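These notes concern the structure reproduced below.
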Amino acid sequence: MKVWNRKYDNDHKELEEKIMVKDQYNRMMMIRVAKKYNLDDQINTRIELEYHSSKNYEVSISDLLN
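Residues in the sequence shown are numbered from 341 upward in steps of one, following our numbering.
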């Protein structure tokens, strides 16, 4: 039973790491898009703050432009 638990724990940690890396990549890409389209500094700052918050992955640039 302990072997199964260790395997489950390792699989769970691996999945968490994959999710974290994907979220970090998505945040980085949103910031790059904002900079590419020369959005003003205030919007760039808001995007960076929102996407560097680990609690909020659902923000879209269109929400910030309105």
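Glycine included, every Cβ here is placed at the ideal spot set by N, Cα and C. Since this is a predicted model, take the numbers as computed values, not measurements.
Original post:
Out of curiosity, what's the CA-to-CA distance linking residue 369 and residue 349?
Top reply: 30 Å
Original post:
In chain order, what residues of the same chain lie with their CB nearer than 6 Å to the CB of residue 341, ignoring the 5 residues before and after it?
Top reply: Note on residue 341: pLDDT 45, under 50, position unreliable in the model; no value is reported.
Original post:
Alpha carbon to alpha carbon, how far is residue 367 from residue 351?
Top reply: If I take the Cα positions, the gap works out to 24 Å.
Original post:
Going by beta carbon distance, what residues of the same chain come within less than 8 Å of residue 357, once the five residues before and after it are set aside?
Top reply: none
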